[in-house]
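See structure below.
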Amino acid sequence: MHDLSKQMTRSSTPSAAATSHRFGRITLDVRQSLPPWKQAVFVGGSLLLGLAISVWILALAGISPPQLASELAGVVSADSLRGVLVQAAPLILVGLGASLAFRIGFWNLGIEGQMIFGGIFAAAISIYEIGPPSTRLLLMGIAAATGGALWVLLVAFLKIRFRVNEIIATLLLNYVAMYFLFHLLYGIWQDAKTAFPQSTPFRPFERLGDIGYGLNAGLLVAIGSVLLAGWLIHLSRVGFYARFISANPRMAKIVSVPVQAVTLGLIAASGACAGLAGFINIASQEGRLTQSFSNGYVFSGVLIAFLSRNDPIVIAVVGFLIAVLFITGQTLQVFYQIPFTMVQMIEAIIVMTVASSEFLVRHRVRWIR
Amino acid sequence: MPVALQLVDIWKSFDGALALAGASFESRAGEVHALLGENGAGKSSLMNVAAGLYAPDGGAIVINGVTTALKGPADARLHGIGMVHQHFKLVRPFTVAENILLANRRPHFSSGMKAIRAAIRKQADELKFDMDPDRRVSTLTVAEQQQVEIVKVLVGGVDILILDEPTAVLTDAESESLLKIVQRLAQSGTAVVLVTHKLQDVKRFADAVTIMRGGKTVATLDPREATAEQLTELTVGQTIALPTRTELPNGPSRLNVGALTYARGDGRIMLNNASFHVRSGEIYGVAGVSGNGQAELAEALIGATEPTSGEIWLDEIGDISHASASVRRDAAIAAIPADRYAYALAGSLSIADNFAVAHIRSGRYGGVAMIKRREMRKDAMAAIKDYDVQGARSVSQKASLLSGGNAQKLVIAREFSRNPGVVVAHSPSRGLDARACAAVHERLIAARERGAAIVLISEDLDEILSLSDRIGVMTRGSIVAEFERPADRQAIGRAMVDHA
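Structure follows, in structure tokens:
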């Protein structure tokens, strides 16, 4: 049917077809199906195109391709790989967070706010010294997941009860969370010693350290979450239900899928992942609650989920690649005075080119002369 | 009369599935030529080839004696072939005139609008359609939208008009008047092709009929000389026995619907104190003119909507009018909704998933932690074999790829696989061909014999009369009269109209 309607549009433009024959004419057909390897070729090709455009823009900004290549080689060398893996952990978690909500059609754009509340909850455990030192870190992790989940469930409640649009609500609540964080950091939680707007440093047992082989404990949390989400989506009954909820919610309700419970559960899991990402950022990289530990992550989360088609295992890979991009960006920032927004621009270019490959996957474009 | 359109030995396959296997067809100017066949016989595919939508893999298209390769629908229109599709191709927020202008471009918008308006008026007058060019399509009834589609094609000027299942969406009265207009069009010299699976339409309105089966055209004959049995045998390949019913003693009352009332969001009362009861081992038919609360009754029974007041009392369970779908499932209520794709299937998911979803809570396909995909596939495979679901090359295939009748069989296979105690079936055979329809009816009768209480809601009075033990007539949201079997058709018809 879709096929017909597309072709009908074409049919209704005989005059256009007749007048433009000098330049040939472009026709569009909807594909019935496309083998997976061809889809991979289209997606891979557009990824390369996006990277090519990025390289070109960087060249305009004064970084020649050979320089870029040597920087990249430096980033993935053994020493900096540690930094990349530390950076990969929160990126993988925000990607998971976005994907779990997207799977049931809940557009969670409040990942930064949920990270902030995850961070605030975890920091509270440290600041008020809750629990013995041996379980402190675990407790901080649990608190962070809870904080992130509660912050997004607020919107889930508003959506179910009052039909509030979750895109707007989650996005704007990021600012509410940010100003609440500022309120704490310029107020009761301000570090008295330095008078900087940040909390007092966490104690050594409240930090995510190395676990050997140069790996950070944060990565372990991320990989554990990937496996858990992979099980939830691919193997458990919840994932089965989630597919029906996103495919046809009315039908799901009638065949007794617990629509509300699964929806709320996955939304909460989404917020929990974001909360954990916040926890990892403050407990491994910063070592204290700061103002800016969540900056830019909502965009990266959406990007990673989108590029991975919401598949947890693929998210781990894509999260790592985006981490390479982040670290390269940081290096360029230091040595070539390139603004960090350049990294976000490259992310945006890749999203756009990969998103447009979707069009080629679904349609066949022909140019008839 | 000269042959206007000739399709010779047409072949077409989609993704390896053969849709047309050497079909041939001839339509003459001045006659209504019916193309009769079951769902999936290839009628629409053949006509889409004629309309330039599908490029055939083999065969020839001869238009007015000239072999032509159609380059697309626009090219077909240039050759005077116009098609009115079963699913309308209208832009709903646009007005009638804008839609018709869109399909019949003029060089300038404002002068084009004027010309189109005049053309619409002329065409509508000829056909005796009451058509306002400035109404938005979204405010039109289905029958009016179809008139727009017809005028849209005729304004462009056609010698060969193809109508794909034009009466499927119309009431009896609307169908009658449409087919009379079609006859008049043919008398004025147009070659009309009427794609249909309704024998009655063919017998009454067609000058010639070509029958399709399995992608081939099997016979062309004069419908006035053939008997209904002959036509049925040709379409189906064998005659279908009417369902045999055994007389059962009256069972105990199983389902009691008491004073069920439902007011829509805009305040309109759709169900108004509807009350009836259904015994076990009984089919209770709910007859009525469409739009008198049947859809709302079905939705309240299967749990798609919550009634405003009243009760649905189920023996041994209690009032389920506000119970969740899982309580209804546990009470073994089978739901066969009228709109399969909206309420019964998730088209983008596989056949196996769609089959298994209703049983997953029972633990049959593994616990909460781990689902058993292999079991699901095995059971789904057995079910599609058992219920004769055709067109599924594998159970991993998307459910949306099944044709209407086979999708319905899949729904029934799922709903009946647990031996239901109560069945709610709303227009279960809508859009199905004779064989699929008979299969559905057989399943309902088998469930009745196993002691299920069955509510059969249908706008097809023949279906109600042939299956029901008792019949309730629904008008304006209430059951206004009840009839015991054998019921008097005329009396039911009067009850349907008198209270309206």
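Protein sequence lines correspond, in order, to chains S and F. When you read off a place in the first sequence, starting at 1, and then add 18, the result is the number in my numbering. When you read off a place in the second sequence, starting at 1, and then add 164, the result is the number in my numbering. Backbone N, C-alpha and C define an ideal beta-carbon position, used for all residues, glycine too. Values in this document were obtained by computation on a predicted structure and should not be read as measured data.
### Message
According to DSSP, simplified to helix, strand and coil, what is Ala34 of chain S?
### Response
Low local confidence applies: a pLDDT of 39 at Ala34 of chain S is under 50, so the model's placement there is unreliable, with the coordinate-based value given in what follows. Ala34 of chain S falls in the helix class under three-state DSSP.
### Task
Give the interface partners of Tyr551 of chain F over in chain S, defined as CB-CB distance under 9 Å, in chain order.
In chain order: nothing, as chain S lies at least about 17 Å away.
### Task
Buried or exposed for Lys176 of chain F, please, with buried defined as at least 16 other CB atoms from any protein chain shown within 10 angstroms of its CB.
Under the 10 Å beta carbon count, Lys176 of chain F is surrounded by 16 or more other beta carbons and is classified as buried.
### Message
Can you tell me whether Gln208 of chain S is helix, strand or coil according to DSSP?
### Response
Reduced to three states, the DSSP call for Gln208 of chain S is coil.
### Task
Say whether the segment 189-207 of chain F touches the segment 372-386 of chain F, bearing in mind that this needs 3 or more beta-carbon pairs closer than 8 Å, one atom from each stretch.
Using a C-beta cut-off of 8 Å, the segment 189-207 of chain F makes contact with the segment 372-386 of chain F, since at least three inter-stretch Cβ pairs fall below that distance.
### Message
What does the alpha-carbon distance come out to for the pair Ile386 of chain S and Asp239 of chain F?
### Response
Straight-line measurement puts the Cα of Asp239 of chain F at about 15 Å from the Cα of Ile386 of chain S.
### Query
When you compare each of F:Val319, F:Asp296 and F:Glu313 to Asp328 of chain F by their alpha carbons, which one comes out closest?
It is F:Glu313.
### Query
If you measure from the beta carbon of Leu419 of chain F to each beta carbon in chain S, is any gap under 8 Å?
Taking Cβ atoms only, chain S never reaches closer than 8 Å to Leu419 of chain F, which makes this a no.
### Completely contained beta strand (DSSP E) runs for the segment 236-306 of chain F, where each covers 3 or more residues
Within the segment 236-306 of chain F, the complete beta strand (DSSP E) runs of at least 3 residues fall at 245-248.
#### Entry: Span separating the alpha-carbon of Gly4 of chain S from that of Asp47 of chain S
Residue 4 of chain S lies beyond the residue range present for chain S, which begins at 19 and ends at 387; the question has no answer from this structure.
### Under 8 Å between C-beta atoms of Gly353 of chain F and Gly246 of chain F
No, the pair does not count as a contact, with Cβ atoms beyond the cut-off.
### Message
Taking 7 Å as the cut-off, is the beta-carbon of Val196 of chain F closer than that to any non-hydrogen atom of the ligand SAH?
### Response
You won't find the ligand SAH in this model; it holds no ligand whatsoever.
#### Entry: Alpha carbon of Val172 of chain F to alpha carbon of Asn518 of chain F, nearest angstrom
Approximately 40 Å, taken between the alpha carbons.
### At least 3 beta-carbon pairs within less than 8 Å: the segment 331-344 of chain F vs the segment 267-277 of chain F
With the cut-off at 8 Å, the segment 331-344 of chain F and the segment 267-277 of chain F do not touch.
### Beta carbon proximity, Ala556 of chain F to chain S, threshold 8 Å
Any Cβ of chain S closer than 8 Å to the Cβ of Ala556 of chain F would place that residue at the interface, and such an atom is absent.
### Integer Cβ distance of Val167 of chain F from Arg418 of chain F, believed to fall under 8 Å
About 60 Å separates the CB atoms of Val167 of chain F and Arg418 of chain F; that is not less than 8 Å, and the two are not in contact.
### Query
Going by the CB atoms, is the gap between Val102 of chain S and Val521 of chain F shorter than 8 Å?
The beta carbons of Val521 of chain F and Val102 of chain S sit no closer together than 8 Å.
#### Entry: Ser8 of chain S at chain F interface by Cβ criterion, 8 Å
Past the boundaries of the shown model lies residue 8 of chain S; chain S is included only from 19 to 387, so the question cannot be answered.
### Message
Which of the three DSSP states is assigned to Gln309 of chain S in this structure?
### Response
Looking at Gln309 of chain S - three-state DSSP - the assignment turns out to be coil, as it is neither helix nor strand.
### Task
Give every residue of the same chain whose Cβ lies closer than 6 Å to the Cβ of Met370 of chain S, excluding the five residues on either side of it in the sequence, and list them in chain order.
The beta carbon of Met370 of chain S sits closer than 6 Å to none of the beta carbons in its chain outside the five residues before and after it.
### Query
Lys573 of chain F and Ala602 of chain F: beta carbons closer than 8 Å?
Cβ atoms of Lys573 of chain F and Ala602 of chain F: not closer than 8 Å.
### Message
Give me the DSSP bridge partner(s) of Leu200 of chain F.
### Response
Looking at the DSSP assignment, Leu200 of chain F forms a beta bridge with F:Thr360 and F:Ile375.
### Query
Can you tell me the Cα-Cα spacing of Ile497 of chain F and Tyr426 of chain F, whole angstroms?
Taking the straight line joining both Cα atoms gives about 21 Å.
### Query
Buried or exposed: where does Thr212 of chain S fall if 16 or more other Cβ atoms within 10 Å of its Cβ makes it buried?
Thr212 of chain S comes out exposed.
### Rounded C-alpha distance that separates Asn583 of chain F from Glu470 of chain F
Going by the C-alpha atoms only, they are around 25 Å apart.
### Message
Please list, in chain order, the residues of the segment 244-270 of chain S that have any C-beta partner in chain F closer than 7 Å.
### Response
Going along the segment 244-270 of chain S in chain order, one finds Leu253, Ser254, Arg255, Phe258, Arg261, Phe262, Ala265, Asn266, Arg268 and Met269 with a Cβ nearer than 7 Å to chain F.
### Query
What residues of chain F sit near Ile272 of chain S, judged by a beta carbon separation below 8 Å?
Result: Ile466, Gly467, Ala468, Ala489, Ala499, Pro501, Tyr507 and Ala508.
### Query
So, using beta-carbon positions, are Leu111 of chain S and Ala295 of chain S closer together than 8 Å?
In contact: Leu111 of chain S and Ala295 of chain S (Cβ atoms closer than 8 Å).
### Message
Distance cutoff 8 Å, beta carbons only. Does Val275 of chain S sit that close to anything in chain F?
### Response
Chain F contact via Cβ: present.
### Query
According to DSSP, which residues form a beta bridge with Arg599 of chain F?
Answer is none; Arg599 of chain F lacks a bridge partner.
### Task
Could you say which of F:Asn570, F:Lys207, F:Leu200 and F:Arg299 lies nearest to Asp365 of chain F if we only look at CA atoms?
Cα-wise, what sits closest to Asp365 of chain F is F:Leu200.
### Ile367 of chain S to Ser72 of chain S span [Cα, whole Å]
The C-alpha of Ile367 of chain S lies about 7 Å from the C-alpha of Ser72 of chain S.
### Query
List, in order along the chain, the chain S residues whose C-beta lies closer than 7 Å to that of Ile524 of chain F?
Within chain S, the residues near Ile524 of chain F are Arg255 and Phe258.
### Task
Spell out the partners DSSP gives Lys176 of chain F in its beta bridges.
Under DSSP, Lys176 of chain F takes part in a beta bridge, and its partners are F:Leu184.
### Message
Considering just the uninterrupted stretch of the beta strand (DSSP E) at Met434 of chain F, what are its terminal residues?
### Response
Boundaries of the beta strand (DSSP E) harbouring Met434 of chain F: Ile433 to Arg443, taken from the DSSP string.
### Message
Our contact map puts Phe580 of chain F next to Ala556 of chain F with C-beta atoms below 8 Å; I'd like the distance itself, whole angstroms only.
### Response
Actually they are not in contact, since the Cβ atoms of Phe580 of chain F and Ala556 of chain F sit about 18 Å apart, beyond 8 Å.
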